[in-house]
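So the sequences go chain by chain: A and B. Here the first sequence stands for residues 658 to 768, numbered as in our numbering. Here the second sequence stands for residues 694 to 847, numbered as in our numbering. From the three backbone atoms N, C-alpha and C, an ideal C-beta is built for every residue, glycine too. The next block holds one structure in the form of structure tokens; read it before the comments.
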Amino acid sequence: MSLRTDRMELTNLETVPGKQVVRHLGLVQGSTVRSKHAGRDLMAGLKNFVGGELKGYTELLNESRNEALERMIQQAKATGANAVVNVRFSTSNIAAGAAEVMAYGTAVVVQ
Amino acid sequence: MELLIQLAFIAILLVIGLVVGGMVERRHFSSLAMREADLKLVMVFNEKTPPANVEYRDAFLVAGSVVLGEDYFKRFAASLRSFFGGNMRMYESLMDRGRREAILRMKEEAHRRGARAVFNVRLETSSLGDGGSGRGMFSAEFIAYGTALIQSKG
Chain A
658 MSLRTDRMEL TNLETVPGKQ VVRHLGLVQG STVRSKHAGR DLMAGLKNFV GGELKGYTEL
718 LNESRNEALE RMIQQAKATG ANAVVNVRFS TSNIAAGAAE VMAYGTAVVV Q
Chain B
694 MELLIQLAFI AILLVIGLVV GGMVERRHFS SLAMREADLK LVMVFNEKTP PANVEYRDAF
754 LVAGSVVLGE DYFKRFAASL RSFFGGNMRM YESLMDRGRR EAILRMKEEA HRRGARAVFN
814 VRLETSSLGD GGSGRGMFSA EFIAYGTALI QSKG
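Here it is in structure tokens:
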């Protein structure tokens, strides 16, 4: 998982180690709902007979997570933050074949 | 006759699940053991606050995830097991594999980016329902994430 964070610091601690939080800007979040396409579904269905990693789905959820983080970062930037602390992820299966991936955290200014 | 063909089909799937699924699982376990030994250097904590007496120059989010599916034999064994109750060992090994794989991938990312410690590690599991097979076979996603820290040279 590689993230383009553009000088935005992300941690899931309550602070950024080595830096001081000077201002809290509130909750920011980003989410995305994705479904796998039929080809991937078919392959996963076949793979499911023998078990093991379903790579198509791993990739899909990784892409979704990056997208959710990217949206969260955009929101944080819009509020003037340079870091997001206490980041959390959550995934939920909202409909057959579709998953929502969400990332949220607290936007802060650190020095 | 038709029933016989159907039974034979199910039997073949079961054997494939048992043989291939078992092989996949054994391979996965040995690969996990090897990679875990390689990455012993990267330490993982689930405490929120890193020790105060150490200075850190960099902190960033790292995550690892994997989606694992069950095989046909596990599915069959589980349906029997859930009738009598008790430990579902076929799923315990699946969960163990998934979680260890997710933690390993997180550690690999931390290692690649030069960190030796990951703090506040959170583990999450979510079921993805049947993996599109329409046969009630389930797959689960495992996520591990935390904050990787790089010590300042002192």
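Subject >> Proximity to Pro865(B) [Cα-Cα], best of Asn813(B), Arg792(B), Ile705(B) >> reply: Residue 865(B) lies beyond the range of chain B shown here (694 to 847); nothing can be said about it.
**OP:** Just the C-alpha distance for Glu666(A) and Leu711(B), rounded to the nearest angstrom, thanks.
**Re:** Start at 1 with the first residue of the first sequence, and residue 666(A) comes out as number 9. Start at 1 with the first residue of the second sequence, and residue 711(B) comes out as number 18. Between Glu666(A) and Leu711(B), the C-alpha separation is close to 47 Å.
Original post:
With C-beta atoms as the reference, is Thr763(A) less than 8 Å away from Ala752(B)?
Top reply: Position 106 of the first sequence, counted from the start, is the residue given in the question as residue 763(A). Position 59 of the second sequence, counted from the start, is the residue given in the question as residue 752(B). Taking 8 Å as the Cβ cut-off, Thr763(A) and Ala752(B) do not qualify as a contacting pair.
**OP:** Output yes or no for whether 8 Å exceeds the beta carbon distance between Leu754(B) and Thr840(B).
**Re:** Your numbering for residue 754(B) matches position 61 in the second sequence. Your numbering for residue 840(B) matches position 147 in the second sequence. Their beta carbons are under 8 Å apart, which means Leu754(B) touches Thr840(B) by this criterion.
Original post:
What residues in its chain sit with their C-beta under 7 Å from that of Ile843(B), if we drop five residues either side in the sequence?
Top reply: On the second sequence, position 150 is the one that residue 843(B) refers to. Within the same chain, Tyr749, Arg750, Asp751, Gly807, Ala808 come within 7 Å of Ile843(B) by CB-CB distance, once the 5 residues on both sides are set aside.
**OP:** For Met700(A), I'd like the list of residues in its chain whose CB is within less than 7 Å of its CB, leaving aside the five on either flank, ordered along the chain.
**Re:** Counted from its first residue, the first sequence places residue 700(A) at position 43. Cβ neighbours of Met700(A) within its own chain (closer than 7 Å, five residues either side excluded): Gly713.
Subject >> Proximal residues, the region 788-813 of chain B versus chain A, C-beta separation under 7 Å >> reply: Residues are counted here when their Cβ sits less than 7 Å from a Cβ of chain A; for the region 788-813 of chain B these are Glu802, Phe812, Asn813, given in chain order.
Original post:
Do Phe835(B) and Glu794(B) have their C-beta atoms within less than 8 Å of each other?
Top reply: Translated into positions along the second sequence, residue 835(B) becomes position 142. Translated into positions along the second sequence, residue 794(B) becomes position 101. Closer than 8 Å, so yes.
Original post:
With DSSP run on the structure shown, which of helix, strand or coil describes Thr763(A)?
Top reply: Here residue 763(A) refers to the residue found at position 106 when the first sequence is read from its first residue. Here Thr763(A) carries a strand assignment [DSSP, helix/strand/coil].
Original post:
Would you call Leu726(A) buried or exposed, if buried means 16 or more other Cβ atoms sit within 10 Å of its Cβ?
Top reply: In the first sequence, counting from the first residue as 1, residue 726(A) sits at position 69. Answer is buried; the Cβ neighbour count reaches 16.
**OP:** Find the residues of chain A that neighbour Val708(B), judging by a C-beta separation of less than 8 Å, and give them in chain order.
**Re:** Taking the second sequence and counting its residues from 1, the one referred to as residue 708(B) is at position 15. Think of a sphere of 8 Å around the beta carbon of Val708(B): no beta carbon from chain A falls inside it, the nearest being about 11 Å out.
**OP:** Per DSSP, which residues does Tyr784(B) bridge with? Please list them.
**Re:** Sequence index remark: in the second sequence, residue 784(B) carries index 91 (1-based). Per DSSP, none; premise fails for Tyr784(B).
**OP:** Report the three-state DSSP secondary structure of Ser747(A) (helix, strand or coil).
**Re:** Here residue 747(A) refers to the residue found at position 90 of the first sequence. Reduced to three states, the DSSP call for Ser747(A) is strand.
Original post:
How would you label Gly779(B), buried or exposed, when you count the other beta carbons within 10 angstroms and need 16 or more for buried?
Top reply: Translated into positions along the second sequence, residue 779(B) becomes position 86. Burial call: exposed.
Original post:
Can you tell which of Leu734(B), Gln699(B), Phe702(B), Arg719(B) has its C-alpha closest to the C-alpha of Glu801(B)?
Top reply: By one-based count along the second sequence, residue 801(B) stands at place 108. Looking at the Cα atoms, Leu734(B) is the closest of the given residues.
Subject >> Nearest residue (CA-CA) to Lys704(A), options Phe702(B), Arg798(B), Phe769(B), Asp764(B) >> reply: Sequence index remark: in the first sequence, residue 704(A) carries index 47 (1-based). Out of Phe702(B), Arg798(B), Phe769(B), Asp764(B), Asp764(B) has the C-alpha closest to the C-alpha of Lys704(A).
Original post:
What residue range is occupied by the uninterrupted beta strand (DSSP E) comprising Leu670(A)?
Top reply: For this step, residue 670(A) is matched to residue 13 along the first sequence. Per DSSP, Leu670(A) belongs to no beta strand (DSSP E) and is neither H nor E.
Original post:
When DSSP builds the beta bridges, which residues end up paired with Tyr838(B)?
Top reply: Residue 838(B) sits at position 145 when you count from the first residue of the second sequence. Note: Tyr838(B) sits in a beta bridge opposite Ala756(B), Arg815(B).
Subject >> For Ala756(A), the three-state DSSP class (helix, strand or coil) >> reply: As a position in the first sequence, residue 756(A) is number 99, starting the count at 1. The answer is strand: DSSP assigns Ala756(A) an E or B state.
**OP:** For Arg815(B), decide whether its Cβ has a neighbour in chain A, counting only Cβ atoms nearer than 8 Å.
**Re:** Indexing the second sequence from 1 puts residue 815(B) at position 122. In terms of beta-carbon proximity, Arg815(B) lines the interface with chain A, with at least one pair separated by less than 8 Å.
Original post:
So which residues of chain A does Pro744(B) contact, with C-beta pairs closer than 7 Å?
Top reply: Translated into the one-based positions of the second sequence, residue 744(B) becomes position 51. Near Pro744(B) there are no residues of chain A at all, since even the closest Cβ is about 10 Å away, more than 7 Å.
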